[in-house]
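Per this note's numbering, the sequence shown starts with residue 358, numbered consecutively.
Where is the CB? At the ideal position from N, CA and C, for every residue including glycine.
Bear in mind that the values here come from a model prediction, so they are computed numbers and not experimental data.
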Amino acid sequence: MINILAIESSCDETAAAVVQDGRKVLSSEIASQVELHALYGGVVPEVAARSHIEAIVPLVKRAVANAAVTIDAIAVTCAPGLIGALLVGVNFAKSYALASGLPLIPVHHIRGHIAAAYLEYPELEPPFLALVVSGGHTLLVHVKDYTDFAVIGSTMDDAAGEAFDKIARVLGLGYPGGSALSRLASEGDETRYKLPSPLGTPSSAIFNSLDFSFSGLKTAAVNLIHNAEQKGDAIDKPSLAACFEKAVCDALVSRAARGSAVCGCKRVVLCGGVAANGRLRKQMISTFGDNIHIPNVYLCGDNAAMIGAQAYYELQAGHTANTDLNGYANLEVDCNWKMLCKP
Ligand code: KG4
Ligand code: ZN
């Protein structure tokens, strides 16, 4: 049995977990900075990095103590994310590996979001299609094997979570507002406002592709709110939230259906922070039935258990690094991962 200690610090959660054989969570600790950043209406990179530094040592100590097993390797998210935040985790993990002599496994954050599904479904194996919907990414990924990925669709501009957060902020719901917007939407009329689809119009370049564009939808919703304010009209906030949520979910489900046909994968995984959305979960279940795999809500947002799950498969593939390992703000999920790894 292989017990991996995993560290995640790519954005605004410091997290540490111990995962056995890529499938069993022995411990999982998360220190959220959400309240700190809510003051500013968004994540402040420098504040995030400093907060990771304060949180990481006690958090790792707790994760190791709670797991109560011998640790065999250390894994860390090294890309993509806020560079100052990533480097806290990367440097901590490098030091730990150096001091303990254990293997160091670099993990891609999005590969981790996908691997959250392995923790929920012990029988799940690639190949499958993954719809990754988070604050920073909206991707359709053909997961050919545990460490073999191909991005077949992505957003041309904003990520779906980013659009959720923007509309939530304009509606005065605070940050991050995805789940608050979703709660408000449940009381609204989803037919009240006409909003553009993130799939484009038949004449647009993305219409027949596997790509998305959320910026037009976001701008249309923001303009509706501002125009109403300027005229002194009352906007029906729950209905606007419902129409916005419907437009996002319909687009995601429709692209996932097309993506599954294109890559010939019936099995589909829904993951990332926005996968916590109740409407999206329901629509994906009704479209894909028994073929849909959605991690529990607590595994959808950023956590270290998902990093430990993917790390097991990276280790099997020989993807270990040495103390030259760096952090990378931008790196594709289907890049040549071996480039980061040194024996
Ligand atoms: O994956 P994640 O935790 O962090 C990133 O890697 O970006 O995703 C965070 C995103 C935020 O935009 C947040 O508003 C959104 O996930 N989110 C939701 C819901 N819960 C979280 N969006 C819509 N509905 C939700 N219930
Ligand atoms: Zn994430």
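{"Asked": "6 Å Cβ shell around residue 463 - same chain, five flanking residues per side excluded", "Found": "435, 678, 682, 697"}
{"Asked": "Pick from 476, 401, 564 that is closest to residue 650, judged by C-alpha positions", "Found": "476"}
{"Asked": "Which residues DSSP lists as bridging residue 628, in chain order", "Found": "489"}
{"Asked": "Residue 375 (DSSP reduced to helix, strand or coil)", "Found": "strand"}
{"Asked": "Sub-7 Å separation of residue 603 and residue 520 beta-carbons", "Found": "no"}
{"Asked": "Residue 363 vs residue 432 beta-carbon contact at 7 Å", "Found": "yes"}
{"Asked": "Contacts around residue 358, its chain only, beta-carbon distance under 7 Å, and the 5 residues preceding and following it disregarded", "Found": "377, 378"}
{"Asked": "Reduced DSSP secondary structure (H/G/I, E/B, other) of residue 676", "Found": "coil"}
{"Asked": "Supposed close pair residue 361, residue 429 - CB separation, criterion 8 Å", "Found": "7 Å"}
{"Asked": "Selection from 505, 686, 484, 539 that minimises the alpha carbon distance to residue 621", "Found": "484"}
{"Asked": "When 672, 399, 600 are compared against residue 545, the one with the closest alpha-carbon", "Found": "600"}
{"Asked": "Contacting residues, own chain, Cβ-Cβ under 8 Å from residue 479 (five flanking each side not counted)", "Found": "380"}
{"Asked": "Residues that DSSP places opposite residue 500 in a beta bridge", "Found": "485, 506"}
{"Asked": "Distance CB(residue 663)-CB(residue 473) smaller than 7 Å", "Found": "yes"}
{"Asked": "Test item: CB-CB of residue 518 and residue 526 under 7 Å", "Found": "no"}
{"Asked": "Around ligand 2, Cβ to any heavy atom closer than 5 Å, ordered along the chain", "Found": "491, 659"}
{"Asked": "Outcome for residue 558 when other beta-carbon atoms lying within 10 angstroms are tallied against a minimum of 16", "Found": "exposed"}
{"Asked": "Residue 472 (DSSP reduced to helix, strand or coil)", "Found": "helix"}
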